[in-house]
Amino acid sequence: MACWIVTLQGGPKRTTQAAVALNDKIYAFGSCWCTEPAETFGVHVLNTIDYRWQRVPTRLFQPNPSQQFIDDSGQIYEPYGESPVHRVGHSVVEYKGKIYLWGGFCHEIGVLCSKMYCFDPEERTWSVIPCASGEATGREKHTAVVFNDMMIVYGGSEDQQPR
1 MACWIVTLQG
11 GPKRTTQAAV
21 ALNDKIYAFG
31 SCWCTEPAET
41 FGVHVLNTID
51 YRWQRVPTRL
61 FQPNPSQQFI
71 DDSGQIYEPY
81 GESPVHRVGH
91 SVVEYKGKIY
101 LWGGFCHEIG
111 VLCSKMYCFD
121 PEERTWSVIP
131 CASGEATGRE
141 KHTAVVFNDM
151 MIVYGGSEDQ
161 QPR
């Protein structure tokens, strides 16, 4: 069987992250098993054309509209919106050019996460998506897929035993 190996530099040094492909990029989201400070939680993007990683700057709060972030290539971003807290066991899916993140367990506050977040890769913004039938019970270590116009979450754990 044929195989190939590509060694990449500069990627995220994290475990238990969730990833999704969109066009020619792979977006990797979070985890809390790292030594980096909380404000670095966010999105890492692998460009599959040049195989280079880039961190997308996000914040855990609403920044000042005049505040800008400059990445390693000199590109300027103005991220807005509530960013998800660190978590493990979450899932992400892509739907119509947007990325949806749900669930997971936040060790920092000791709870299962139940908010649905939407990340817009073009605008590099986060938004919270309200659940039409009320907020769902948090869940971790699950699987999610898009079917028609729904994110279907399957399996996982709802217990809140110490980790």
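To convert, note that position 28 of the sequence shown is 28 in the UniProt record's numbering; the numbers rise steadily by one, no gaps.
Built from N, CA and C at the ideal position, the CB exists for glycine as well.
Backbone secondary structure at residue i - three-state DSSP
i, result
"Ile-49", "coil"
"His-44", "strand"
"Glu-140", "strand"
"Trp-4", "coil"
"Arg-55", "strand"
"Cys-106", "strand"
"Cys-131", "coil"
"Glu-94", "strand"
"Val-111", "strand"
"Val-88", "strand"
"Cys-157", "The sequence as given places Ser at residue 157; Cys does not occur at that position. Three-state result, Ser-157: strand."
Contact under 7 Å by Cβ, residue i with residue j
i, j, result
"Gly-104", "Glu-140", "yes"
"Val-93", "Tyr-100", "yes"
"residue 238", "Lys-25", "Nothing can be reported for residue 238, as the shown portion of the chain is limited to 1 through 163."
"Glu-108", "Thr-137", "no"
"Ala-144", "Ser-91", "yes"
Exposure of residue i, with buried meaning 16 or more beta-carbon neighbours within 10 Å
i, result
"Ala-2", "exposed"
"Phe-29", "buried"
"Trp-4", "exposed"
Beta-carbon contacts of residue i that lie in its chain and below 6 Å, excluding the five residues immediately before and after
i, result
"Ser-114", "Glu-135, Ala-136, Gly-138"
"Met-116", "Trp-102, Ile-129"
"Ala-19", "Ile-26, Ala-28"
"Phe-61", "Note on Phe-61: pLDDT 44, under 50, position unreliable in the model; the coordinate value appears next. Around Phe-61: no qualifying Cβ."
"Gly-11", "Trp-53"
Residues near residue i in its chain [Cβ-Cβ closer than 7 Å; skip 5 each side]
i, result
"Asp-120", "Lys-98"
Nonlocal neighbours in the same chain, by C-beta distance under 8 Å from residue i, ignoring five residues either side
i, result
"Asn-23", "none"
query: Three or more beta-carbon pairs under 8 Å between the stretch 124-133 and the stretch 149-159, yes or no?
result: no
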